[in-house]
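**Student:** In our numbering, the protein residues as written are 755 to 979. Quick one: the structure is below, questions incoming.
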Ligand code: CA
């Protein structure tokens with residue numbers, strides 16, 4: 755398991771590195787925002803510890819940018835205890851939040867919990883039947899049931915809904931969704947995703963103009979619930 759630390763304070767990096775190595779993780783560190791986004795892309799971490807106050811780009815913007823292409827759990831580290839920061843962090847796709855100074859054991863426990871959660875999402879990708887609220891998908895027969903009624907979904911809309919349902923209540927970035935549904939070398943129109951989201955909303959939402967399932971996360975992507 756590899757953990758990326760994005761943190762500009764040298765003493766904090768040293769302390770985290772020692773703690774995480776002791777826990778058996780491989781550690782990669784980035785010292786500012788842009789370097790953190792780049793490292794998330796190139797080192798493919800299993801989890802990211804992200805400082806909120808960073809030079810270059812602040813932690814919230816780094817989180818937003820990483821979320822566009824990655825679903826790795828992100829735990830934000832901050833000296834601020836303001837509730838507003840916490841809420842904003844979670845809205846842009848962070849999974850958890852730890853306020854400095856933190857107890858090493860508590861951080862280690864939260865890291866383990868997030869990694870477990872990520873593994874359970876990976877397993878959901880292989881499930882043959884996905885159920886959430888009033889929507890059910892039979893992946894092998896490719897049948898979608900919405901509020902007890904079978905709904906015909908074209909292949910890309912079905913695949914999109916499947917990715918959403920395997921990742922409930924997670925912020926999924928635009929590039930991540932394009933990669934998963936259209937393939938990594940997708941070269942087409944960037945609006946393709948939005949168009950398919952609109953079609954999907956028309957089929958699964960009670961009120962497509964006020965979606966309850968597929969929520970837009972501005973500047974990042976979508977969240978399904
Ligand atoms: Ca800092």
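Ideal placement from N, C-alpha and C gives every residue a C-beta, glycine not left out.
Have a look at residue 897 and residue 820 and give me their C-alpha separation to the nearest angstrom.
**Tutor:** Locating residue 897 in the chain shown gives position 143, counting from the first residue. Locating residue 820 in the chain shown gives position 66, counting from the first residue. Each residue's alpha carbon lies about 33 Å from the other.
**Student:** Between which two residues does the alpha helix (DSSP H) harbouring residue 878 extend?
**Tutor:** For the purposes of this step, residue 878 is taken as the residue at position 124 of the chain shown. Residues 858–878.
**Student:** Just the residues with CB closer than 5 Å to a heavy atom of ligand 1, in chain order, which are they?
**Tutor:** Chain-ordered list of matching residues: 762, 805, 807.
**Student:** Comparing the C-beta of residue 897 with each C-beta of chain C, is any distance below 8 Å?
**Tutor:** The structure shown contains no chain C; it is built from a single protein chain.
**Student:** To the nearest angstrom, how far is it from the Cα of residue 890 to the Cα of residue 777?
**Tutor:** Translated into the one-based positions of the chain shown, residue 890 becomes position 136. Translated into the one-based positions of the chain shown, residue 777 becomes position 23. Roughly 39 Å separates the two Cα atoms.
**Student:** Find out if the Cβ-Cβ distance for the pair residue 782, residue 758 is shorter than 8 Å.
**Tutor:** The count along the chain shown starts at 1 and reaches residue 782 at position 28. The count along the chain shown starts at 1 and reaches residue 758 at position 4. Yes, the pair counts as a contact, with Cβ atoms nearer than the cut-off.
**Student:** Using only alpha-carbon positions, find the residue among 775, 963, 845, 825 that is nearest to residue 875.
**Tutor:** On the chain shown, residue 875 is found 121 positions in, with the first residue counted as 1. Nearest option by C-alpha distance: 825.
**Student:** Counting only the same chain and skipping the five closest in sequence on each side, list residues whose C-beta sits under 6 Å from that of residue 878.
**Tutor:** Numbered from its first residue, the chain shown carries residue 878 at position 124. The answer, listed in chain order, is 920.
**Student:** Roughly how many whole angstroms lie between the Cα atoms of residue 929 and residue 822?
**Tutor:** Translated into positions along the chain shown, residue 929 becomes position 175. Translated into positions along the chain shown, residue 822 becomes position 68. Roughly 5 Å separates the two Cα atoms.
**Student:** Using alpha carbons as the reference points, say which of 968, 779, 902 lies closest to residue 950.
**Tutor:** Within the chain shown, residue 950 is the residue found at index 196, counting from 1. For the residues 968, 779, 902, the minimum Cα distance to residue 950 belongs to 968.
**Student:** Tell me which same chain residues have a C-beta within less than 8 Å of the C-beta of residue 934, skipping the five on either side of it?
**Tutor:** Locating residue 934 in the chain shown gives position 180, counting from the first residue. These residues qualify, in order along the chain: 913, 917.
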